[in-house]
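Student: One structure coming up, written as structure tokens, with questions to follow.
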Amino acid sequence: MRVRGGRPGFTKFGQESLYQFFETGSLVRLWDAELLRDSGWPTLGMRPRKGIASHHKIMMNAAVSLTTQSVSSAVVDYPARDMTITVGAGMSLGELQKILHQENQQLPVDVADNSITIGQMVADDISGPRQFGYGTLRDYVIGIEAVDGTGRVFHAGGRVVKNVAGYDLCRLLVGSRGKLGTITQLTFKLKPLPVQQGLLVAGFRSLRDLESALERLNLTATTPVIMDVISRFAAARLIATAFPKLVQTDKFSDTAAILVLGFEGPAVSCQWQCGILKDELQGTAVWTDASGISNAAGHLDVFGVYCQTAQAASLATADVPWMAKISTLPSRVVSAINVMQEAGCEVFGRAGSGTLIVRPAANALQDGRVTDESQAFQHLQSLVEDGIGSIEVLKSSIARSTMSGPAVQSITNKLQELLGSKTTH
1498 MRVRGGRPGF TKFGQESLYQ FFETGSLVRL WDAELLRDSG WPTLGMRPRK GIASHHKIMM
1558 NAAVSLTTQS VSSAVVDYPA RDMTITVGAG MSLGELQKIL HQENQQLPVD VADNSITIGQ
1618 MVADDISGPR QFGYGTLRDY VIGIEAVDGT GRVFHAGGRV VKNVAGYDLC RLLVGSRGKL
1678 GTITQLTFKL KPLPVQQGLL VAGFRSLRDL ESALERLNLT ATTPVIMDVI SRFAAARLIA
1738 TAFPKLVQTD KFSDTAAILV LGFEGPAVSC QWQCGILKDE LQGTAVWTDA SGISNAAGHL
1798 DVFGVYCQTA QAASLATADV PWMAKISTLP SRVVSAINVM QEAGCEVFGR AGSGTLIVRP
1858 AANALQDGRV TDESQAFQHL QSLVEDGIGS IEVLKSSIAR STMSGPAVQS ITNKLQELLG
1918 SKTTH
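1498 is the number of the first residue of the sequence shown in this note's numbering; add one for each residue after it.
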């Protein structure tokens, strides 16, 4: 890690030494509420540019206002042949993808809204359905510039893919949600833009059939980039937008779960993969639909619509009373769906990586299912006690932020001992 400069352009406020950083405008030095409270000063706040450090806004009741409005949104360096790009954290993902598409390249990340800045995207570690084939955002950030809590600008990584020197601070900052610093610049490695994209949707009468299909797909000859599972309650919400004609059929009437498989590549490869997957699902899937094949790479087709819809459904918006994220082994995905579906919840997510979103089902009350928040979290707690993994509470009025099982808690305690901390969560 390299630290640049001392404290250029700082202004000192009183005995508590609160600083305001003005190197490229008004860039906040203090964004942590606990740090502000400990300082003894009246609560300060910051007005973040849209998408930057939005998780750490603080209510204003003082005369000082700090902002990240001046964070750059420009392209710093784009050696297209090296398939890397360096940009300011204020650039939107949509703008970045437009630039990359001109060179037939892409950053394989799925978001609900392309207006999100890449700074927020990296701080939140957003990936999406395609992470099964492409990996997560951590795999694509190779260089980073940020400002720490003392206003110092520091760098990690570099602008070349084969940069292996030093501690990989980039991975630490991805997903840190602004707690470790305000990200100002990022370098990504890129992927070629696919010629064609396709979706294959399969329905199953029982969760046992779904589990058999997932076990069979472990040995598939294909290379899907999406392997999503959707419970019965969540099917209409996620499938209706991308496959409106499919929803109009009676296929959902006896469907317990849906599997969404996505693939990319040359047209011949996509057609071949679709045919192979259909054959591999025979005997377990009650129906399959391959109407999601697209010839227009880079456009908002069925493939893109599904990815956007899936990401939008993962957001804890105002109309969602509660929401949680389950992280478990892929082999435990079906059992988690079974428990939460019996509790009247929508369950959907990444079958290949074991990441599932749980939220109340819109039509659960009509079926006489349980949607009460306290009872739903009792079911979630039972999953944790059974050793299914960990659960992150995305939105709730009654539950704590994280619930971890014995195995996860044991690893956490060992890590805390190594770091010299005895605190438990």
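Beta carbons: idealized from backbone N, C-alpha and C, even for Gly.
1) Is the distance from the Cβ of Val1722 to the Cβ of Arg1627 below 8 Å?
2) Can you look up Asp1928 in the DSSP assignment and give me helix, strand or coil?
3) Could you spell out where the alpha helix (DSSP H) holding Met1724 opens and where it closes?
4) Can you have a look at Arg1734 and say buried or exposed, based on whether 16 or more other CB atoms are within 10 angstroms of its CB?
5) Ignoring anything shorter than 4 residues or poking outside the region 1761 to 1804, list the alpha helix (DSSP H) runs there in chain order.
6) From what residue to what residue does the beta strand (DSSP E) around Phe1749 run?
7) Let me make sure I understand the geometry here. Which of Leu1669, Ala1577, Lys1822 and His1876 has the alpha-carbon closest to that of Pro1689?
8) Please classify Val1525 as buried or exposed, where buried requires at least 16 other C-beta atoms within 10 Å of its C-beta.
9) Between the Cα of Thr1852 and the Cα atoms of Val1608, Leu1590, Gly1695 and Ser1811, which residue gives the shortest distance?
10) Within a Cβ cutoff of 6 Å, which residues of the same chain sit near Ser1894, ignoring the five residues on either side of it in sequence?
11) Could you check if Gly1625 is buried or exposed, using at least 16 other CB atoms within 10 Å of its CB as the buried criterion?
12) Please name the residue, chosen from Ile1727, His1876, Ile1623 and Thr1781, that lies closest to Ala1710 on a Cα-to-Cα basis.
13) Measure how close the beta-carbons of Glu1843 and Ser1750 come, nearest whole angstrom, since I'm counting them as under 8 Å.
14) Whose C-beta lies closer than 7 Å to the C-beta of Thr1719 among residues of the same chain, with five residues either side of it excluded?
15) Quick check on Gly1537: does DSSP put it in helix, strand or coil?
16) What is the DSSP secondary structure of Lys1676, counted as helix, strand or coil?
17) Indicate the three-state DSSP secondary structure (helix, strand or coil) for Thr1806 in the structure shown.
18) Rounding to the nearest angstrom, what Cα-Cα distance links Glu1914 and Thr1825 in this structure?
19) Would you kindly work out how many angstroms separate the C-alpha atoms of Lys1736 and Gln1603, rounded to a whole number?
20) Could you give the residue range of the beta strand (DSSP E) that holds Val1573?
21) Among Asp1645, Ile1680 and Val1650, which one has its Cα closest to the Cα of Asp1621?
22) Find out if the Cβ-Cβ distance for the pair Ile1613, Leu1704 is shorter than 8 Å.
23) With Gln1693 as the anchor, note down where its beta strand (DSSP E) starts and where it stops.
24) State yes or no: is the C-beta of Leu1683 within less than 8 Å of the C-beta of Gly1640?
25) What is the C-beta distance between Ala1764 and Gln1693, in whole angstroms, given that I count them as a contact (C-beta under 8 Å)?
26) I'd like to check one pair, Leu1756 with Leu1716: are the Cβ atoms closer than 8 Å?
27) Could you tell me the alpha carbon to alpha carbon distance between Thr1746 and Asp1798, rounded to whole angstroms?
28) I need the boundaries of the beta strand (DSSP E) containing Phe1740, first residue and last residue.
29) Would you kindly report the start and end of the unbroken alpha helix (DSSP H) that includes Val1830?
30) Using only the alpha-carbon positions, how far apart do Glu1642 and Thr1581 sit?
31) Could you check whether Arg1713 and Val1783 sit closer than 8 Å to each other, using their CB atoms as the reference points?
32) Taking the alpha-carbon positions, what's the Arg1854 to Leu1666 distance?
33) Determine the direct distance from the alpha carbon of Val1572 to that of Met1556, and round the result to whole angstroms.
34) Sorted by chain position, which residues of the same chain lie with C-beta nearer than 8 Å to Gly1678's C-beta, five sequence neighbours on each side aside?
35) Return the Cβ separation of Ser1743 and Asp1786 in integer angstroms, given the expectation that the two are a contact with Cβ distance under 8 Å.
36) Since Leu1853 sits in a beta bridge, which residues does DSSP pair it with?
Tutor: In this structure, then:
1) On the sequence shown, position 225 is the one that residue 1722 refers to. On the sequence shown, position 130 is the one that residue 1627 refers to. Yes, Cβ-Cβ distance for Val1722 and Arg1627 is below 8 Å.
2) Outside the shown range of the chain (1498 to 1922) lies residue 1928, about which nothing can therefore be said.
3) Mapped onto the sequence shown, residue 1724 falls at position 227. From DSSP, Met1724 is part of no alpha helix (DSSP H) but of the beta strand (DSSP E) over Ile1723 to Ser1728.
4) Indexing the sequence shown from 1 puts residue 1734 at position 237. So Arg1734 ends up on the buried side.
5) 1764 to 1778
6) Start at 1 with the first residue of the sequence shown, and residue 1749 comes out as number 252. Looking at the DSSP string, Phe1749 is not in any beta strand (DSSP E), and its letter there is neither H nor E.
7) The residue labelled residue 1689 in the question sits at position 192 within the sequence shown. Nearest option by C-alpha distance: Ala1577.
8) By one-based count along the sequence shown, residue 1525 stands at place 28. Because Val1525 sits at a pLDDT of 39, beneath the cut-off of 50, its placement in the model cannot be relied upon, and the point is left open.
9) Mapped onto the sequence shown, residue 1852 falls at position 355. Among Val1608, Leu1590, Gly1695 and Ser1811, the Cα nearest to that of Thr1852 belongs to Ser1811.
10) On the sequence shown, residue 1894 is found 397 positions in, with the first residue counted as 1. Around Ser1894: no qualifying Cβ.
11) The residue labelled residue 1625 in the question sits at position 128 within the sequence shown. Classification for Gly1625: buried.
12) Residue numbering aside, residue 1710 sits at position 213 when the sequence shown is read from its first letter. Measuring from the Cα of Ala1710, the nearest candidate turns out to be Thr1781.
13) Stepping through the sequence shown from its first residue, residue 1843 is reached at position 346. Stepping through the sequence shown from its first residue, residue 1750 is reached at position 253. Glu1843 to Ser1750, Cβ: 18 Å. No contact.
14) Residue 1719 sits at position 222 when you count from the first residue of the sequence shown. So the list reads Phe1760, Gln1770, Ile1773 and Leu1774, once near-sequence residues are dropped.
15) In the sequence shown, residue 1537 corresponds to position 40, counting from 1. Low confidence applies here, because Gly1537 scores a pLDDT of 44, under 50, leaving its location unreliable and the question unanswered by this model.
16) In the sequence shown, counting from the first residue as 1, residue 1676 sits at position 179. The answer is coil: DSSP assigns Lys1676 none of H, G, I, E or B.
17) Numbered from 1 along the sequence shown, position 309 holds the residue referred to as residue 1806. Thr1806 falls in the helix class under three-state DSSP.
18) Reading the sequence shown from its first residue, position 417 is the one you call residue 1914. Reading the sequence shown from its first residue, position 328 is the one you call residue 1825. Rounded to whole angstroms, Glu1914 to Thr1825 spans 24 Å at the Cα level.
19) Mapped onto the sequence shown, residue 1736 falls at position 239. Mapped onto the sequence shown, residue 1603 falls at position 106. Correcting the residue identity first, residue 1736 is Ile in this sequence and not Lys. Roughly 25 Å separates the two Cα atoms.
20) In the sequence shown, counting from the first residue as 1, residue 1573 sits at position 76. Here the beta strand (DSSP E) through Val1573 covers Val1572 to Asp1574.
21) Position 124 of the sequence shown, counted from the first residue, corresponds to residue 1621. For the residues Asp1645, Ile1680 and Val1650, the minimum Cα distance to Asp1621 belongs to Ile1680.
22) Counted from its first residue, the sequence shown places residue 1613 at position 116. Counted from its first residue, the sequence shown places residue 1704 at position 207. Cβ distance not < 8 Å, so Ile1613 and Leu1704 don't count as in contact.
23) What you label residue 1693 is simply residue 196 of the sequence shown in a count that begins at 1. Segment Gln1693 to Phe1701, the beta strand (DSSP E) holding Gln1693.
24) Reading the sequence shown from its first residue, position 186 is the one you call residue 1683. Reading the sequence shown from its first residue, position 143 is the one you call residue 1640. Yes, Cβ-Cβ distance for Leu1683 and Gly1640 is below 8 Å.
25) Here residue 1764 refers to the residue found at position 267 when the sequence shown is read from its first residue. Here residue 1693 refers to the residue found at position 196 when the sequence shown is read from its first residue. Yes, Ala1764 and Gln1693 are in contact; Cβ-Cβ is about 5 Å, under 8 Å.
26) In the sequence shown, the residue the question calls residue 1716 occupies position 219. In the sequence shown, the residue the question calls residue 1756 occupies position 259. No; because the gap between Cβ atoms is not below 8 Å, this pair is not in contact.
27) For this step, residue 1746 is matched to residue 249 along the sequence shown. For this step, residue 1798 is matched to residue 301 along the sequence shown. So the alpha carbons of these two residues sit roughly 21 Å apart.
28) If you number the sequence shown from 1, residue 1740 lands on position 243. Here Phe1740 belongs to no beta strand (DSSP E), and DSSP marks it neither H nor E.
29) For this step, residue 1830 is matched to residue 333 along the sequence shown. Note, Val1830: alpha helix (DSSP H), Val1830 to Glu1839.
30) Counted from its first residue, the sequence shown places residue 1642 at position 145. Counted from its first residue, the sequence shown places residue 1581 at position 84. Their Cα atoms are separated by approximately 16 Å.
31) Here residue 1783 refers to the residue found at position 286 when the sequence shown is read from its first residue. Here residue 1713 refers to the residue found at position 216 when the sequence shown is read from its first residue. Cβ atoms of Val1783 and Arg1713: not closer than 8 Å.
32) Here residue 1854 refers to the residue found at position 357 when the sequence shown is read from its first residue. Here residue 1666 refers to the residue found at position 169 when the sequence shown is read from its first residue. The amino acid occupying residue 1854 in the given sequence is Ile; Arg does not appear at that position. Cα-Cα distance, rounded: 28 Å.
33) Counted from its first residue, the sequence shown places residue 1556 at position 59. Counted from its first residue, the sequence shown places residue 1572 at position 75. Only weak support is given to the placement of Met1556: the predicted model assigns it a pLDDT of 35, under 50, and the value that follows is read from those uncertain coordinates. Whole-angstrom Cα-Cα distance: 33 Å.
34) The residue you call residue 1678 lines up with position 181 of the sequence shown. Ala1643, Val1644, Asp1645, Gly1646, Phe1651 and Leu1670, listed in sequence order.
35) Locating residue 1743 in the sequence shown gives position 246, where the first residue counts as 1. Locating residue 1786 in the sequence shown gives position 289, where the first residue counts as 1. In the sequence as displayed, the identity of residue 1743 is Leu instead of Ser. Right, the Cβ-Cβ distance comes to about 6 Å (below 8 Å), so this counts as a contact.
36) The count along the sequence shown starts at 1 and reaches residue 1853 at position 356. DSSP, once it has assigned bridges, lists Ile1823 and Gly1846 as partnering Leu1853.
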